[in-house]
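Counting in the numbering used here, the sequence shown runs from 13 upward without gaps. Where a beta carbon is used, it is the ideal one built from N, C-alpha and C, also for glycine. Please read these numbers as outputs of a predicted model, since none were measured by experiment.
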Amino acid sequence: NAKFLGTVEQIRQATQSDSNVLLLGESGTGKDLFARAVHNLSNRKNGPYIAVNCSAIPRELIVSELFGYSEGAFTGSRRGGSQGKFEQAGGGTIFLDEIAETSLEFQAVLLRVVEEKSITRLGGSVDRPVDVRIIAATNKDLLEQVRIGAFRKDLYYRLNVFSVRMVPLRDRRDDIPVLTDRFVQK
13 NAKFLGTVEQ IRQATQSDSN VLLLGESGTG KDLFARAVHN LSNRKNGPYI
63 AVNCSAIPRE LIVSELFGYS EGAFTGSRRG GSQGKFEQAG GGTIFLDEIA
113 ETSLEFQAVL LRVVEEKSIT RLGGSVDRPV DVRIIAATNK DLLEQVRIGA
163 FRKDLYYRLN VFSVRMVPLR DRRDDIPVLT DRFVQK
């Protein structure tokens with residue numbers, strides 16, 4: 013399908029830089045597969061690929077999960093603290109799926125990370141540089157979320173450096189026979 017081939021070409025172009033990528037599309041359109049493809053075809057392919065479903069992490073834990081925490085940050089915290097997903101993804105890619113589901117408070121923290129390219133662990137005071145490419149995805153209309161005040165405009169523009177809209181299968185029905193043949197062969 014020509015629309016799908018256009019999406020594939022956009023993904024190829026996205027692999028040629030380290031710019032942030034925003035994948036937009038309905039659930040089931042393969043945003044996670046395209047995010048991994050961007051990583052695997054980029055100059056970061058030898059680095060880690062860390063995928064995070066932002067809607068699956070409780071709001072109270074997302075900062076410590078993504079940015080880590082220092083020793084003593086909270087009761088039960090690990091001795092010596094813990095790395096977050098951003099540090100784990102160092103030199104590679106972090107995929108933030110369902111980014112529209114995050115709180116405005118978290119978005120403010122993420123904006124600082126995107127701008128400064130450093131994180132501060134929860135309960136810590138040391139800025140830690142992070143070399144990570146961000147790929148974010150959502151099934152929501154982020155511009156509408158910005159308009160109604162549910163998503164930060166400044167973060168939207170920082171993440172939307174390279175935007176790719178996924179095409180649902182119902183809009184590319186001519187691909188169904190090709191896919192069916194492939195599944196039967198497998």
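Taking only three categories from DSSP, how would you classify arginine 145? Looking at arginine 145 - three-state DSSP - the assignment turns out to be strand.
Run of the beta strand (DSSP E) containing tyrosine 61, from where it starts to where it stops: Per DSSP, tyrosine 61 belongs to the beta strand (DSSP E) from 61-65.
8 angstroms Cβ cutoff met for valine 50 and threonine 27: Taking 8 angstroms as the cut-off, the Cβ atoms of valine 50 and threonine 27 count as close.
Following the continuous alpha helix (DSSP H) through leucine 191, name the residue where it begins and the one where it ends. Counting along the chain, leucine 191 sits inside the alpha helix (DSSP H) bounded by residues 188-197.
For isoleucine 146 and lysine 97, believed in contact at Cβ under 8 angstroms, the rounded distance: Not quite, the Cβ-Cβ distance comes to about 11 angstroms (not below 8 angstroms), so this is no contact.
Below 8 angstroms, can you find three or more Cβ-Cβ pairs linking the segment 178-196 to the segment 58-72? No, because fewer than three Cβ pairs between the segment 178-196 and the segment 58-72 fall closer than 8 angstroms, the two stretches do not touch.
Measure the C-alpha to C-alpha separation of glutamate 99 and phenylalanine 79 and round it to an integer number of angstroms. Whole-angstrom Cα-Cα distance: 7 angstroms.
Environment of aspartate 109 [buried if 16+ CB atoms lie within 10 Å]: Sixteen is the threshold: when 16 or more other Cβ atoms of the shown chains lie within 10 Å of the Cβ of aspartate 109, as they do, the residue is buried.
Rounded to whole angstroms, what's the CA-CA distance from glycine 40 to glutamate 128? Just pull it up for me. Taken atom to atom, the span from the alpha-carbon of glycine 40 to that of glutamate 128 is near 33 angstroms.
Cβ pair phenylalanine 16, aspartate 187 closer than 8 angstroms: Going by C-beta atoms, phenylalanine 16 is nearer than 8 angstroms to aspartate 187.
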